[in-house]
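The block underneath contains the structure these notes are about, expressed in structure tokens.
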Amino acid sequence: MGKLRKLALLVAVACMTSSCALIGLSASCNGMTIIGQFKQVGDLVKNANVQASDVRIGNIDDIKLVGSPTDGYHADVTMCIDQGEHVSSNVRAVIRTTSLLGEKFVDLQQQAPGPPYLQQGDVLSLSQTGKSAELEDVFAKLASILGTGDLEDINRFTHSQAVIFKGHVKDVRTLLTELDRFTGTLAQRRGQIASAVDHLDNVAHSILSNSPVLQNFLKSFAGSSSVLSAQRHALQRLLFSLDRFSSISVQLLNSTAGGLNKQFRDLRPILRTLVASSANLQTTLQTLAVFSTRFPLSMPGSYLQLDVCQALPNVTAQGTTCPQNIHTDNPHSSSGSDPSNGVQLILQQPLRGGG
Numbered sequence: 002m003g004k005l006r007k008l009a010l011l012v013a014v015a016c017m018t019s020s021c022a023l024i025g026l027s028a029s030c031n032g033m034t035i036i037g038q039f040k041q042v043g044d045l046v047k048n049a050n051v052q053a054s055d056v057r058i059g060n061i062d063d064i065k066l067v068g069s070p071t072d073g074y075h076a077d078v079t080m081c082i083d084q085g086e087h088v089s090s091n092v093r094a095v096i097r098t099t100s101l102l103g104e105k106f107v108d109l110q111q112q113a114p115g116p117p118y119l120q121q122g123d124v125l126s127l128s129q130t131g132k133s134a135e136l137e138d139v140f141a142k143l144a145s146i147l148g149t150g151d152l153e154d155i156n157r158f159t160h161s162q163a164v165i166f167k168g169h170v171k172d173v174r175t176l177l178t179e180l181d182r183f184t185g186t187l188a189q190r191r192g193q194i195a196s197a198v199d200h201l202d203n204v205a206h207s208i209l210s211n212s213p214v215l216q217n218f219l220k221s222f223a224g225s226s227s228v229l230s231a232q233r234h235a236l237q238r239l240l241f242s243l244d245r246f247s248s249i250s251v252q253l254l255n256s257t258a259g260g261l262n263k264q265f266r267d268l269r270p271i272l273r274t275l276v277a278s279s280a281n282l283q284t285t286l287q288t289l290a291v292f293s294t295r296f297p298l299s300m301p302g303s304y305l306q307l308d309v310c311q312a313l314p315n316v317t318a319q320g321t322t323c324p325q326n327i328h329t330d331n332p333h334s335s336s337g338s339d340p341s342n343g344v345q346l347i348l349q350q351p352l353r354g355g356g
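Per this note's numbering, the very first residue in the sequence shown carries number 2; after that it's consecutive.
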């Protein structure tokens, strides 16, 4: 008999514990508490699950009605999130059911998982909450339609749809197939579309933030267009003159093409000789630079005239000296040697020593 009493006491304690859990007298939240504001919660009850990605991460601690007749009412749903769980602040709380007629729970749909996360005491506003469509809502709307006598309108609508689709089933099927492909392409490129919309929004903000600069640009552009309009006759004359100049230039090039070709042909031997003698020319110029720097130092108080000559292409004589005259011996004279005698004077620079 004593054993039966002890067993009955344990069963009573278990029943009391389960009853407390069912009526919402559960223990205090050991994790993080957040509040969701819902316009309607239906038959959501305390201790219902809070899920994220179909995984339970908490439960409902409290549901209470708040507001006033003037401002309207809504329900504050206090949710206890288990310790160690993180919920992104970019989240939407939706009341759903586990099945067609199952129990309700709160689904935290994270739009972009990751930080920043919700903190203790954060509130999800009405814009972040909602309630999924349920079977009783569909029946209620259907009952309202039937109750208002709109069944005849539905009949006329369905009959009209049948008349429209008659004989066009294949076209409708093709249309739906193409629409499915189009929506699939849009879904695959939703990231690119969102990025393009964001860039367009940034451009719009940039334009709006720089509206004074844009206004000044438009004013300047209007002034520039006015100046161009006033000078259009002068611009037209300029274009006609450029056209005549280009015609004359083409005629000149055509008439002098033979002479230019001959000059370039005569220049080829000089260039070939210059390329072949480039190493010797470099060594000679380096030696000349050292000589012209140091030699005047050995003749203080006097001067030295240095003449560098290059033979013309048609001169083949070697060791030809530069032509001199009485004027080239005078360092103060401005006249030079005459290059018409077959040897061209390239450099004639008096050098003076110090002292």
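Just so it is clear, CB atoms sit at the ideal spot from N, CA and C, and this is done for glycine as well.
Please read these numbers as outputs of a predicted model, since none were measured by experiment.
Legend entry - Endpoints, alpha helix (DSSP H) assigned at K362: Since the first residue shown for the chain is 2 and the last is 356, residue 362 is missing from the structure and cannot be characterised.
Legend entry - Check whether V88 and A53 have beta carbons under 8 Å apart: Going by beta carbons, V88 and A53 fall inside the 8 Å limit.
Legend entry - Spatial neighbours of Q120 in its chain, beta-carbon cut-off 8 Å, leaving aside the 5 residues before and after: Only M33 meet the Cβ criterion.
Inset, instruction - Mind listing, in chain order, the continuous alpha helix (DSSP H) runs of no fewer than 4 residues lying wholly within the stretch 190–232? - result: If we require 4 residues or more, the alpha helix (DSSP H) runs fully inside the stretch 190–232 come out as 191–210 and 212–231.
Inset, instruction - Just mark D62 as buried or exposed, buried being the case when its beta carbon has 16 or more other beta carbons within 10 Å. - result: Counting other Cβ atoms within 10 Å of its Cβ, D62 reaches 16 or more and is therefore classed as buried.
Legend entry - L240 classed as buried or exposed, judged by whether at least 16 other C-beta atoms fall within 10 angstroms: With fewer than 16 other Cβ atoms within 10 Å, it is exposed.
Legend entry - DSSP-derived helix/strand/coil call for H234: Looking at H234 - three-state DSSP - the assignment turns out to be helix.
Inset, instruction - Please work out which residues of its chain come closer than 6 Å, Cβ to Cβ, to I35, disregarding the five sequence neighbours upstream and downstream, and give them in chain order. - result: Leaving aside the five residues that flank I35 on each side, the residues in its chain whose CB is nearer than 6 Å to its CB run, in chain order, M80, L119 and D123.
Legend entry - Rounded C-alpha distance that separates V173 from R191: So the two alpha carbons sit approximately 26 Å from each other.
Inset, instruction - Could you spell out where the beta strand (DSSP E) holding T79 opens and where it closes? - result: Per DSSP, T79 belongs to the beta strand (DSSP E) from G73 to I82.
Inset, instruction - Apply the 10 Å Cβ neighbour rule to D330 and answer buried if 16 or more other Cβ atoms are within range, or exposed otherwise. - result: Model confidence at D330 stands at a pLDDT of 48, short of 50, so the residue's coordinates are unreliable; what they give is reported in the following sentence. Burial call: exposed.
Legend entry - DSSP-derived helix/strand/coil call for K263: If DSSP states are grouped into helix, strand and coil, K263 belongs with the helices.
Legend entry - A53 (DSSP reduced to helix, strand or coil): When DSSP states are grouped into helix, strand and coil, A53 belongs to the strand group.
Inset, instruction - In the DSSP assignment, find the unbroken alpha helix (DSSP H) run with F292 in it and report its ends. - result: Residues S279 to R295.
Inset, instruction - Could you tell me the distance, in whole angstroms, from the CA atom of S334 to the CA atom of L268? - result: At S334 the pLDDT is 49, less than 50, meaning the model places this residue with poor confidence; the figure from the coordinates comes in the next sentence. When the Cα atoms are used, S334 and L268 turn out to be separated by approximately 33 Å.
Legend entry - CA-to-CA distance, S133 to Q162, given in whole angstroms: In this structure, the straight-line span from the alpha carbon of Q162 to that of S133 is close to 29 Å.
Inset, instruction - Could you tell me the distance, in whole angstroms, from the CA atom of I1 to the CA atom of V107? - result: Missing from the structure shown is residue 1; the chain here goes from 2 to 356 and no further.
Inset, instruction - Find out if the Cβ-Cβ distance for the pair L125, A94 is shorter than 8 Å. - result: The beta carbons of L125 and A94 sit closer together than 8 Å.
Inset, instruction - Decide if V276 is buried, meaning its Cβ has at least 16 other Cβ atoms within 10 Å, or exposed. - result: It is exposed - the Cβ of V276 has fewer than 16 other Cβ atoms within 10 Å.
Inset, instruction - Given a cut-off of 8 Å, decide if N50 and Q84 are closer than it, judged by their beta-carbon atoms. - result: No, the pair does not count as a contact, with Cβ atoms beyond the cut-off.
Inset, instruction - Taking only the alpha-carbon atoms, compute the straight-line gap between T284 and S278 and give it to the nearest angstrom. - result: Cα to Cα, the separation comes out at about 10 Å.
Legend entry - In DSSP terms, what S69 is bridged to: Beta-bridge pairing links S69 to G73.
Inset, instruction - For I194, count neighbouring Cβ atoms within 10 angstroms of its own Cβ and tell me buried if that reaches 16, exposed if not. - result: Burial is judged here by how many other beta carbons sit within 10 angstroms of a residue's own beta carbon; I194 has fewer than 16 and is exposed.
Inset, instruction - Confirm, please, whether the CB-CB distance from V92 to I64 is below 8 Å. - result: Taking 8 Å as the Cβ cut-off, I64 and V92 do not qualify as a contacting pair.
Inset, instruction - Take K47 as the anchor and find which of N203, A76 and D55 has the nearest alpha-carbon. - result: Measuring from the Cα of K47, the nearest candidate turns out to be A76.
Legend entry - Spatial distance of V344 from I271 (CA atoms): Confidence at V344 is low in this model, with a pLDDT of 36, below 50, so the placement of that residue should be treated as unreliable; the coordinate-derived value is given next. V344 and I271 have their C-alpha atoms some 14 Å from each other.
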